[in-house]
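So the structure is just underneath, and the comments pick up after that.
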Amino acid sequence: MHRSSVPLLWRLQESKYRLIGTKCTACNQLYFPPRNLCPTCRREGKIEQFQFSGIGEVVSYTIIRTAPSGFEKLAPYVVAIVKLDEGPNISGQIVGDKDMVEIGKKVRPVFRRMYEDGDDGLIQYGIKFQPAENEASTEKGKQK
651 MHRSSVPLLW RLQESKYRLI GTKCTACNQL YFPPRNLCPT CRREGKIEQF QFSGIGEVVS
711 YTIIRTAPSG FEKLAPYVVA IVKLDEGPNI SGQIVGDKDM VEIGKKVRPV FRRMYEDGDD
771 GLIQYGIKFQ PAENEASTEK GKQK
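Structure below.
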């Protein structure tokens, strides 16, 4: 069973829930997860917060059929590397029809339950990704 650290969850809250990364003001390089120091500019660059849109495309993916402890109920599920429109690559779960995931597919962020720390533990939420076409089909359904 997985157990979370409450202090760690509070420290990662902004990046985990809102996709807040950082930007170096000297070289304009974007980072996710956030960094305290630009590895390119070192101390010459000033780091500031940056809000990522979460929109991107699938660069690589795999289907997890034998899940690790605590994630058995989710299997099979898709984990992908997503190249955000702003530049950085991040990993995340793709929700929806796993057979529709393909390299180059546009995705958007959705806020979902990630996992639970047992029956009496914390319920973790965070950003997952969903194919962007789902949004268009949802809007078409609302118009009918």
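Be aware that the sequence shown starts at 651, since it is given in the working numbering, and climbs by one per residue.
Note that CB positions come from ideal geometry on N, CA and C, so glycine has one too.
Quick caveat: nothing in here was measured; it's all calculated off a predicted structure.
Pull the bridge partners of residue i from the DSSP assignment, please.
i, result
"V729", "T712, Q743"
"E766", "I773"
"C677", "BP columns for C677 are empty, so no partner."
"I697", "C674"
"E621", "What is shown of the chain runs 651 to 794, which leaves residue 621 out entirely."
"P781", "V757"
Residues in the same chain with beta-carbon distance under 6 Å from residue i, minus the five sequence neighbours each way, listed in chain order, please.
i, result
"A676", "C691, E694, G695"
"S741", "I731"
Please list, in chain order, all residues of the same chain as residue i whose beta carbon is under 7 Å from its beta carbon, the five residues on each side excluded.
i, result
"R685", "T672, I697"
"D735", "S703, I705, G706"
"K755", "E707, V708, P781"
"P689", "none"
"P759", "L669, G704, I777, F779"
Using the three-state DSSP reduction, which class does residue i fall into: helix, strand or coil?
i, result
"R692", "strand"
"L724", "helix"
"E736", "coil"
"L668", "Per the sequence shown, the amino acid found at residue 668 is Arg instead of Leu. Helix, per DSSP."
"K755", "coil"
For residue i versus residue j, is the C-beta distance shorter than 7 Å?
i, j, result
"V745", "K723", "no"
"I753", "V729", "no"
"G649", "L680", "The shown model of the chain, from 651 to 794, leaves out residue 649, and the question about it has no answer."
Spatial neighbours of residue i within its chain, please: C-beta separation below 8 Å, excluding the five flanking residues on both sides.
i, result
"V615", "Absent from the structure is residue 615, since the part of the chain shown begins at 651 and ends at 794."
"Y775", "Y667, F761, R762, R763, M764"
"K748", "I713, P726, Y727, V728"
"N739", "V709, I731, V732, K733"
For a cutoff of 7 Å on Cβ pairs, would you count residue i as touching chain D?
i, result
"V708", "The displayed structure is made up of one protein chain only, and chain D is not part of it."
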